[in-house]
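As they're listed, the protein sequences go chains F and V. The opening position of the first sequence corresponds to residue 424 in the numbering used here, with each subsequent residue numbered one higher. The opening position of the second sequence corresponds to residue 48 in the numbering used here, with each subsequent residue numbered one higher. In this text, a Cβ means the ideal position worked out from N, Cα and C, and glycines have one as well.
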Amino acid sequence: MDGERKAVMRVRDLEVSFGDNLVLSDISFDVYEGEILVILGESGCGKSTLMRHMLMLRRPQGGTVHYGDLNLVEASENELDRVRRDFGVLFQSGALFKSLTLGDNVAMPAREFTKLSEETIEELVSLKLEMVGLGGKQNLMPSELSGGMQKRGGLARAMVLDPKVLFFDEPSAGLDPVTSAALDHLIITLNESLGITMVVVTHELPSIHAIAHRAIMLGKDRAGILAEGTPDELRNSGHPRVNAFFHRERLEENGAA
Amino acid sequence: MAHTVTHPITIENAEKSYAEFSAYARDTGSETVVFDLAGLEEIDSAGLAVFHRLQSTLEHDNRRLEFENIPERVRQLFELSHFDEPSDEIETPPPPKNELERIGLIALDTWQDMRSMLGYIGRVTLALIWSFKYPKKVRWGDVVRYVQETGANALPIVGLMSALVGLVIAFSSAIQLKQFGANIFIADLIGIGVSREIGPLMAAILLIARSGSAFAAEIGTQKISEEIDALTVMGLKPVPYLVIPRIIATLITLPLLTIFADFFGVAGGMVIAQFSLDVSPTIFVTRLGEAVSLWDISSGVMKSFFFAILIAGVGCYRGMETSGGAMGVGRSTTQSVVSGIFLLVIADSIFVVLFQYLGLN
């Protein structure tokens, strides 16, 4: 990567709590244009929570999240709606609307936000479905698709309006290694060919090595960001918890802290 | 002196073994109780639990449990169950709050709930105004589907229930009316009662049960499967997208259902008038025309517009507030019916007082 990378999103001092329970604090990092940034960490460290707060599905208790010049934390709902059209999100379960066909699901953002004709939208839908390997399946209902296919369907919907930033919430969760590797490959291809910036939340080591340009690792117990860098840098970092994560080691409870 | 264990300790004989070991521990009375496990060929988790239990009773008396000649396989099991370390303290949930704190928490919760409800009412109102301003943006396809679902499909049950209630009311009043020879006034009683209260309420209660609950369950399921989040991040607001079509549909159907319920309620009363009070349908209908004013009917229908917004609004609100998996959906559905009926009765009482106060009788 070149030295003068442009930050698309800037997160500063993010603080999140549920009631009295402080979940994230001291989170600061940048997302650079065109990169695949992986947010990783042990189960329960707040990875998905962090993503939900970058998308403002819930407002954080402190800190700022800038997209371009706009501070999303203080943005109005209308401003957020506008910004979100630059975003695409693949939820853990795919989150396809169960009452619509796959084709209608993918077509939905296009129908809502563009003045494209129905014929063009249909072409667009089959194009995107083709991209994620679901060509010809537009008339199936989500319930007729396997878990992996639902996820790819969700990805097609997330990409239909060519988002600038794509978010993935645990893309390989619940998928077998082969399907998961195929999805990783799809993510890399999309990033390289379309130049979409991607933020991926995951804890799957093979995925991290396969796709990440850069990774940040969250600590447990609101320890903030433990380490930041390329997967190789993280693997060789001196931090015992980061080490244990990357080498799949058991961590003795007392040894690490 | 060690106690030699010769038999396997498994789930089959765990209690018997515990009795044997603790009897031995009691009899020796020494501070350190030693067991020789050389002959122990088989032990399962229940067996481990027996030793754990023995250890904690002994620790309680400041005594110790020790083993000799532990076979390799058993030693591994012992290590796995952390025999040598003091057992982890069982985490206790935070102590219950005292009454004052609890009252405070409930007040805060209620305050939060009311604030979010108020925000929701505001969003719904704005979205309703918006949809009257830009009717083209309303999802009419969904509206038609919900009209079918909440209205057309409800006709048989609404008709049947209203007719039965009309029948029951007429039947119970027939005896009283007969005593005064006031048979003809059955038409007044049924006509006014049904068109003002019974019709609108029957239609509304059935709408809560059939559709308010369905809205809560549908939207609740969408909420827990992240579909609402997906809508939000696409920049589609859930309220115009999910709530408004349902409210518009019930605004169309509930007044019609009310008229339908009025008709069947009166018909039910007419049957009793004929058979119990010898008031023929012709006389009944003539008297009905004199007794029931247009206002009686229109006030009932007018109320039903408010009920419609209330019922659909509450159902959708409970759906949107759903959290916590399948149980959460069940809770929302129940809540939608309970608070729906509660608010319905409150609203109806307000209307009665309001009409009285304004002299609209």
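Quiz item: According to DSSP, which residues form a beta bridge with residue 115(V)?
Solution: Locating residue 115(V) in the second sequence gives position 68, counting from the first residue. Paired residue(s): 83(V).
Practice problem: Would you tell me roughly how many angstroms separate the C-alpha atoms of residue 391(V) and residue 357(V), rounded to the nearest one? | Solution: Locating residue 391(V) in the second sequence gives position 344, counting from the first residue. Locating residue 357(V) in the second sequence gives position 310, counting from the first residue. Distance between the alpha carbons of residue 391(V) and residue 357(V) is about 8 Å.
Quiz item: Which of helix, strand or coil does DSSP assign to residue 494(F)?
Solution: By one-based count along the first sequence, residue 494(F) stands at place 71. Three-state DSSP puts residue 494(F) in a strand.
Quiz item: What is the DSSP secondary structure of residue 396(V), reduced to helix, strand or coil?
Solution: Within the second sequence, numbered from 1, the residue matching residue 396(V) stands at position 349. Helix, per DSSP.
Self-check item: Unbroken beta strand (DSSP E) run spanning residue 511(F), endpoints
Solution: Taking the first sequence and counting its residues from 1, the one referred to as residue 511(F) is at position 88. First-last of the beta strand (DSSP E) with residue 511(F): 510–513.
Quiz item: Three-state secondary structure (DSSP) at residue 227(V)?
Solution: One-based indexing of the second sequence puts residue 227(V) at position 180. Three-state result, residue 227(V): coil.
Quiz prompt | Cross-chain neighbours of residue 284(V) in chain F, by beta carbon under 8 Å | solution = Counting from 1 along the second sequence, the entry for residue 284(V) is found at position 237. Under the 8 Å cutoff, chain F gives 500 and 504.
Exercise. Determine, using beta carbons only, whether residue 588(F) and residue 555(F) come nearer to each other than 8 Å.
Key: The residue labelled residue 588(F) in the question sits at position 165 within the first sequence. The residue labelled residue 555(F) in the question sits at position 132 within the first sequence. No.
Quiz item: residue 532(F) versus chain V: which residues are under 7 Å apart at the beta carbon?
Solution: Here residue 532(F) is taken as the residue at index 109 of the first sequence, counted from 1. Chain V residues near residue 532(F): 281.
Practice problem: Quick one: list the residues of chain F neighbouring residue 272(V), beta-carbon separation under 7 Å, in chain order. | Solution: As a first step, residue 272(V) must be located in the second sequence, where it is residue number 225. 516 and 518, listed in chain order.
Exercise. Kindly give me the distance between the Cβ atoms of residue 576(F) and residue 519(F), rounded to whole angstroms, as I take these residues to be in contact under 8 Å.
Key: Here residue 576(F) refers to the residue found at position 153 when the first sequence is read from its first residue. Here residue 519(F) refers to the residue found at position 96 when the first sequence is read from its first residue. Indeed they touch by this definition, with Cβ atoms about 5 Å apart.
Quiz item: Any contact of the segment 339–355 of chain V with the segment 232–251 of chain V, i.e. 3+ C-beta pairs under 8 Å?
Solution: yes
Quiz prompt | Straight-line gap, residue 678(F) to residue 662(F) (C-alpha atoms, nearest Å) | solution = One-based indexing of the first sequence puts residue 678(F) at position 255. One-based indexing of the first sequence puts residue 662(F) at position 239. Since pLDDT at residue 678(F) reaches only 43, below the 50 mark, its modelled position is unreliable, and the value read off the structure follows with that caveat. For residue 678(F) and residue 662(F), the distance between alpha carbons rounds to 12 Å.
Quiz prompt | Contacts of residue 685(F) in chain V (Cβ-Cβ under 8 Å) | solution = Residue 685(F) cannot be examined here, being either before or after the span of chain F that is shown, 424 to 680.
Self-check item: Residue closest to residue 402(V), alpha-carbon to alpha-carbon, out of 293(V), 371(V), 204(V) and 349(V)
Solution: Here residue 402(V) is taken as the residue at index 355 of the second sequence, counted from 1. If we check each option's Cα against that of residue 402(V), 349(V) comes out closest.
Self-check item: Per-residue contacts from residue 276(V) into chain F (C-beta, under 9 Å)
Solution: Position 229 of the second sequence, counting from 1, holds the residue named residue 276(V). Result: 475, 478, 480, 512, 514 and 518.
Quiz prompt | Neighbour flag for residue 428(F) against chain V, beta carbons, 8 Å | solution = For the purposes of this step, residue 428(F) is identified with residue 5 of the first sequence, where counting begins at 1. False, the Cβ-Cβ gap to chain V never drops below 8 Å.
Exercise. List the residues of chain V that residue 507(F) touches, going by C-beta distances under 8 Å, in chain order.
Key: Walking along the first sequence from the start, residue 507(F) turns up at place 84. The answer, in chain order, is 279, 280, 281 and 282.
Quiz prompt | is_contact[residue 535(F), chain V] using C-beta, thresh 8 Å | solution = Taking the first sequence and counting its residues from 1, the one referred to as residue 535(F) is at position 112. Chain V, which has a Cβ nearer than 8 Å to the Cβ of residue 535(F), makes this yes.
Practice problem: May I have the straight-line CA-CA distance separating residue 468(F) from residue 456(F), to the nearest angstrom? | Solution: The count along the first sequence starts at 1 and reaches residue 468(F) at position 45. The count along the first sequence starts at 1 and reaches residue 456(F) at position 33. Those two C-alpha atoms are separated by around 26 Å.
Quiz item: What residues in its chain sit with their C-beta under 6 Å from that of residue 343(V), if we drop five residues either side in the sequence?
Solution: On the second sequence, position 296 is the one that residue 343(V) refers to. Correct list, in chain order: 239, 242 and 243.
Practice problem: Measure the alpha-carbon distance for residue 232(V) versus residue 257(V) and round it to whole angstroms. | Solution: One-based indexing of the second sequence puts residue 232(V) at position 185. One-based indexing of the second sequence puts residue 257(V) at position 210. Their Cα atoms are separated by approximately 34 Å.
Exercise. Going by CA-CA distance only, name the one from 387(V), 224(V), 255(V) and 315(V) that's closest to residue 324(V).
Key: For the purposes of this step, residue 324(V) is taken as the residue at position 277 of the second sequence. Comparing Cα positions, the closest option is 224(V).
Quiz item: Near residue 584(F), which residues of its chain fall below 6 Å by C-beta distance, leaving aside the five closest residues on each side in sequence?
Solution: For the purposes of this step, residue 584(F) is identified with residue 161 of the first sequence, where counting begins at 1. Cβ within range, chain order: 532.
Quiz item: Distance, Cα to Cα, residue 526(F) vs residue 193(V)?
Solution: Numbered from its first residue, the first sequence carries residue 526(F) at position 103. Numbered from its first residue, the second sequence carries residue 193(V) at position 146. Each residue's alpha carbon lies about 22 Å from the other.
Exercise. Tell me whether residue 452(F) sits in a helix, a strand or coil according to DSSP, three-state version.
Key: Looking up residue 452(F) in the first sequence gives position 29. Residue state, collapsed to three classes: strand.
Quiz item: Taking the alpha-carbon positions, what's the residue 473(F) to residue 181(V) distance?
Solution: Within the first sequence, numbered from 1, the residue matching residue 473(F) stands at position 50. Within the second sequence, numbered from 1, the residue matching residue 181(V) stands at position 134. Answer to the nearest angstrom: the Cα atoms are 37 Å apart.
Exercise. Would you mind reading off the limits of the alpha helix (DSSP H) that contains residue 462(F)?
Key: In the first sequence, counting from the first residue as 1, residue 462(F) sits at position 39. No alpha helix (DSSP H) contains residue 462(F), which is instead part of the beta strand (DSSP E) from 459–463.
Exercise. Give, in chain order, every unbroken run of the alpha helix (DSSP H) that is at least 4 residues long and sits entirely within the segment 119–175 of chain V.
Key: 119–127
Quiz item: In this structure, does DSSP put residue 186(V) in helix, strand or coil?
Solution: Locating residue 186(V) in the second sequence gives position 139, counting from the first residue. Coil, per DSSP.
Exercise. Drop a sphere of 10 angstroms on the beta-carbon of residue 226(V), count the other beta-carbons inside from all chains shown, and report buried for 16 or more, exposed for fewer.
Key: By one-based count along the second sequence, residue 226(V) stands at place 179. Counting Cβ neighbours within 10 Å, residue 226(V) comes out exposed, since fewer than 16 surround it.
Quiz item: What do you reckon, are the CB atoms on residue 634(F) and residue 610(F) nearer than 8 Å?
Solution: Along the first sequence, read from residue 1 onward, the residue named residue 634(F) stands at position 211. Along the first sequence, read from residue 1 onward, the residue named residue 610(F) stands at position 187. Yes; because the gap between Cβ atoms is below 8 Å, this pair is in contact.
Quiz item: What residue does the beta strand (DSSP E) around residue 636(F) start on, and which one ends it?
Solution: Here residue 636(F) refers to the residue found at position 213 when the first sequence is read from its first residue. Careful: residue 636(F) lies outside any beta strand (DSSP E) and carries neither H nor E.
Quiz item: Under 8 Å between the Cβ atoms of residue 110(V) and residue 79(V)?
Solution: Taking the first residue of the second sequence as position 1, residue 110(V) is located at position 63. Taking the first residue of the second sequence as position 1, residue 79(V) is located at position 32. Cβ atoms of residue 110(V) and residue 79(V): closer than 8 Å.
Quiz item: How do the segment 253–270 of chain V and the segment 139–148 of chain V stand: do at least 3 beta-carbon pairs fall below 8 Å, yes or no?
Solution: no
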